[in-house]
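For reference, the structure discussed in these notes is given below.
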Amino acid sequence: MKVLMFGWEFPPFSSGGLGTACYGLTKGLSNNNVEVTFVVPYAKGAKADYVKLVSAGGLSKVKIKGIQSPIEGYMTSEEYEYTKETLSLGSTESAPKIYGKNLFQEVERYAKKAELIAEHEDYDVIHAHDWMTYKAGMRAKMISKKPLVIHVHATEYDRTGGLGINQAVYDVEKEGMHAADAIVAVSKFTKDKIVEHYGVTPDKIHVVHNAVEQRDVNELKRKGDKIVLFLGRITLQKGPDYFLYAAKRALEADPHIKFVIAGKGDMSPFIIEKAAELGISDKILFAGFLRGPDIDKAYRMADLYVMPSVSEPFGITPLESMSNGTPVLISKQSGVSEVISNCLKVDFWDIDDIANKIVSVLRYDILQESLTENGHFEVKKFNWDDSARKCVNIYNKVRGVD
1095 MKVLMFGWEF
1105 PPFSSGGLGT
1115 ACYGLTKGLS
1125 NNNVEVTFVV
1135 PYAKGAKADY
1145 VKLVSAGGLS
1155 KVKIKGIQSP
1165 IEGYMTSEEY
1175 EYTKETLSLG
1185 STESAPKIYG
1195 KNLFQEVERY
1205 AKKAELIAEH
1215 EDYDVIHAHD
1225 WMTYKAGMRA
1235 KMISKKPLVI
1245 HVHATEYDRT
1255 GGLGINQAVY
1265 DVEKEGMHAA
1275 DAIVAVSKFT
1285 KDKIVEHYGV
1295 TPDKIHVVHN
1305 AVEQRDVNEL
1315 KRKGDKIVLF
1325 LGRITLQKGP
1335 DYFLYAAKRA
1345 LEADPHIKFV
1355 IAGKGDMSPF
1365 IIEKAAELGI
1375 SDKILFAGFL
1385 RGPDIDKAYR
1395 MADLYVMPSV
1405 SEPFGITPLE
1415 SMSNGTPVLI
1425 SKQSGVSEVI
1435 SNCLKVDFWD
1445 IDDIANKIVS
1455 VLRYDILQES
1465 LTENGHFEVK
1475 KFNWDDSARK
1485 CVNIYNKVRG
1495 VD
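Numbering-wise, the sequence shown is residues 1095 to 1496 according to my numbering.
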């Protein structure tokens, strides 16, 4: 089977969970004898419009086509403007020509180039990840008459926390969902939102949970300061402000805790200023955006990973943390909370509960050891080959193949 896949992130052209999920799923599909052509935007200084992935790491059946663009998966209009402004500060005179005037011009430009690719590729199914690729997926379907599967990693209600949604983004999402032959949702949490807010019938939506690349944890954690980690985009959806407020409360109980915030996003200036305003700047390390091995090092350095997301469709980072032998504290408002039990769970808005649980994990060794050992064992059940097999079944269903 051959799949034409559209997505905004794929290593090395990725900046977060969407890229991680796309990599894991395509690797799983390759292991299930599915050939994938992955069309991805990039703005990393590469010269060619065609990038072929080296046949390594289980991706022998995957090839990558690149379309130049600055945008990233999950990006809101506000994040786009922040990214464009940040990039422009250090750009050459020719660099601004890469970027359209706004996010929707970038989406349209990607769709037009993707349309050309769709005309010349050989494929059985189209698979589009998240709203920025839905137009591309719909045009490929129109040209080829092949079935379209869209993969919902996040909705506009997740990205904005349900506050002030972008109507234009919502309209693209809804159009894509209704045009698709099948929808993949990363959790029941996400499926329910699609049904509630987009008017899609439940039987059209298939839940395929994300997974994680397993890690071998051999090294011991260093002794010394107790470290609590936030790793993710610094945006409203991820709840970095709640992490900060909880840190303030936790430090009142134990002033020796250190907090690390790793990531980037449009809320970065606010979070830095708020840390100073709360008087805890000396207890917060802003590590910036991490890639590759540095991510695993951050997990292993920490004594606890906290994901206080306001609305998290799934949340791969807790699985990554558990795989690295670090216990997790997660928001109940997340898809991953459906599938893991060896963790601590909180409502994202309850900063007192978050703070109390942080202090408890750091104070009581038996609790930390239990969460670490049981979590590391539990996470082994999540693998991308299983997720890929579920997608193959969906492909066969929309193709009318048993």
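The beta carbon of each residue, even a glycine, is placed where N, CA and C say it ideally should be. Quick caveat: nothing in here was measured; it's all calculated off a predicted structure.
For SER1464, there is no enclosing beta strand (DSSP E); the enclosing alpha helix (DSSP H) has its first and last residue at 1459–1472. DSSP lists no beta-bridge partner residue for THR1254. Counting along the chain, MET1271 sits inside the alpha helix (DSSP H) bounded by residues 1261–1273. For PHE1283, the enclosing alpha helix (DSSP H) begins and ends at 1282–1292.
The continuous stretches of alpha helix (DSSP H) do not include ILE1434, and DSSP gives it neither H nor E. By the C-beta criterion, the stretch 1361–1371 is judged not to be in contact with the stretch 1461–1474, since fewer than 3 inter-stretch pairs fall below 8 Å. A distance below 7 Å between beta-carbons, with the five flanking residues on each side excluded, links ILE1374 to the following residues of its chain, in chain order: ALA1341, LYS1342, LEU1345. Under the 8 Å Cβ criterion, the stretch 1255–1262 does not count as touching the stretch 1282–1289, having fewer than three qualifying pairs. Burial check for ILE1460: the Cβ neighbour count within 10 Å stays below 16, so the residue is exposed.
In the structure shown, ALA1396 adopts coil according to DSSP, grouped into three states. For the pair LEU1456 and ALA1396, the CB atoms are not nearer than the 7 Å cut-off.
Secondary-structure assignment with DSSP links MET1401 through a beta bridge to ILE1424.
Shown here, LYS1206 sits in a helix according to DSSP, grouped into three states.
Restricting attention to HIS1350, LYS1484, TRP1478, the CA atom closest to the CA of VAL1453 is found in HIS1350.
About 12 Å separates the Cβ atoms of VAL1133 and THR1120, ruling out a contact at the 8 Å cut-off. In the DSSP assignment, LEU1323 falls within the unbroken beta strand (DSSP E) covering 1321–1325. Going by DSSP, ALA1369 is part of the alpha helix (DSSP H) stretching over 1362–1371. Counted as a single uninterrupted DSSP element, the beta strand (DSSP E) harbouring ALA1356 occupies residues 1352–1356.
The beta carbon of ALA1205 sits closer than 7 Å to those of LYS1229, ALA1230, ARG1233, all from its chain and outside the five residues before and after it, given in chain order.
Counting other Cβ atoms within 10 Å of its Cβ, PRO1387 stays below 16 and is therefore classed as exposed. If you compare the alpha carbons of VAL1433, LYS1426, GLU1467, SER1435 with that of ASP1447, the shortest gap goes to LYS1426.
With 16 or more neighbouring CB atoms inside 10 Å of its own CB, VAL1128 falls in the buried class.
In its chain, beyond the 5 residues on either side, VAL1311, MET1416, SER1417, GLY1419 have a beta carbon closer than 8 Å to the beta carbon of HIS1470. Here GLU1467 is exposed. Its C-beta has fewer than 16 other C-beta atoms within 10 Å.
LEU1384 carries a coil assignment under DSSP once its states are collapsed to helix, strand and coil.
Contact check between the stretch 1207–1215 and the stretch 1244–1257: fewer than three CB pairs, one atom from each, fall below 8 Å, which does not count as touching.
The beta carbon of LYS1491 is closer than 8 Å to those of ALA1276 in its chain, skipping five residues each way along the sequence. The beta-carbon distance between THR1227 and PHE1100, rounded to whole angstroms, is 4 Å. This is short enough to meet the 8 Å contact definition. Comparing alpha-carbon positions, the option among GLY1118, VAL1302, ALA1274 lying closest to GLN1308 turns out to be GLY1118.
Per DSSP, the beta bridge partners of VAL1278 are HIS1245, HIS1300. Residue state for MET1095 is assigned as coil, using DSSP reduced to three classes.
The DSSP-derived three-state label of VAL1201 is helix.
Counting the other Cβ atoms within 10 Å of the Cβ of ARG1327 gives 16 or more, which makes it buried. Here VAL1278 is near VAL1302, since their CB atoms are less than 7 Å apart.
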